[in-house]
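Notes for the one structure printed next.
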Amino acid sequence: DTKAKQNIVVSINKDQQFFIGQKAVDRSMLDSFIRREVDMLRPLVDTPSVVINADTISYYGEVFRVMQSAKRAGAKVVANVK
């Protein structure tokens, strides 16, 4: 059910690298990229969703940062730690 509703996927790997979809994103630009993606989907979806896929050894603070950024952009957030 989550996969059917996901619109934007943000991944954090074990090396603390960020990806939106398959594209690597610099940490300093992450907020801007999330906002841009949410804004692009807003005309198509009432409330875009950001799904966070985080490696188990990724820093919790980084996951929380992505969650806050998505919320500020007006998206729903789902986190998945694996």
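For the sequence shown, counting from 1, position 45 maps to 45 in the working numbering; every step adds exactly one. Cβ atoms here follow ideal geometry from the backbone N, Cα and C, with glycine treated the same way. None of the values given here were measured: they were computed from a predicted structure.
Boundaries of the alpha helix (DSSP H) around residue 70: 60-72. In the three-state DSSP reduction, residue 38 falls in the helix class (H, G or I).
Counting along the chain, residue 53 sits inside the beta strand (DSSP E) bounded by residues 49-54. Residue 19 has its alpha-carbon roughly 6 Å from the corresponding atom of residue 10.
Residue 53 has its alpha-carbon roughly 11 Å from the corresponding atom of residue 14.
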